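A.B. asks: Numbering-wise, the sequence shown is residues 46 to 160 according to the working numbering. Quick reminder that beta carbons are idealized off the backbone N, C-alpha and C, glycines included. Everything numeric in this text was worked out from a predicted model, so none of it was measured.
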Amino acid sequence: MHELSVAMSIVESVEEETHRAGGSSVSEIVLEIGILSGIIREALDFALEEAIKGTILQEADIRIEEIPGIAKCSSCGTEFRTGDHFTICPECMNPYTDIIQGKEMKIKSIKIAFK
Ligand SMILES: [Zn+2]
46 MHELSVAMSI VESVEEETHR AGGSSVSEIV LEIGILSGII REALDFALEE AIKGTILQEA
106 DIRIEEIPGI AKCSSCGTEF RTGDHFTICP ECMNPYTDII QGKEMKIKSI KIAFK
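1. Under 6 Å Cβ to Cβ from residue 141, same chain only, skipping five residues before and after it: list those, please.
2. Which residues share a DSSP beta bridge with residue 151?
3. Where do the ends of the beta strand (DSSP E) carrying residue 127 lie?
4. Select from 134, 62, 74, 130 the residue whose C-alpha is nearest the C-alpha of residue 121.
5. Does the stretch 123 to 132 come close enough to the stretch 142 to 149 to have 3 or more Cβ pairs within less than 8 Å?
6. Just to confirm my understanding: we take residue 59, look at its own chain, exclude 5 residues before and 5 after, and list those with CB closer than 7 Å. What are they?
Here you go:
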């Protein structure tokens, strides 16, 4: 399952970040997930629940914010919302558009607890 490896790498980076800051545990993390990232939200929720067990994230609230998809036309430069990787420019009907937002998956913030 793809989401499990995503969840594990999230846990890893949060642990790293927390240790670097000298924290002892994490009370909240906020993740940003693009709707075009290919990550299935429910699967990730489930994978994270498993991945945080026994780690410093065990008690953390995990919030997920979705980022909408935006594509840019390679011909006329129009930017438009999209829920799909392959779209046609609504202005000039050019089929060559680049996704400029919505494919990312990142950790937006971490609330670290110190003893
Ligand atoms: Zn266009």
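C.D. replies: In short, the structure shows the following:
1. 119
2. 77
3. 124 to 127
4. 134
5. yes
6. 71, 74, 102, 152, 155
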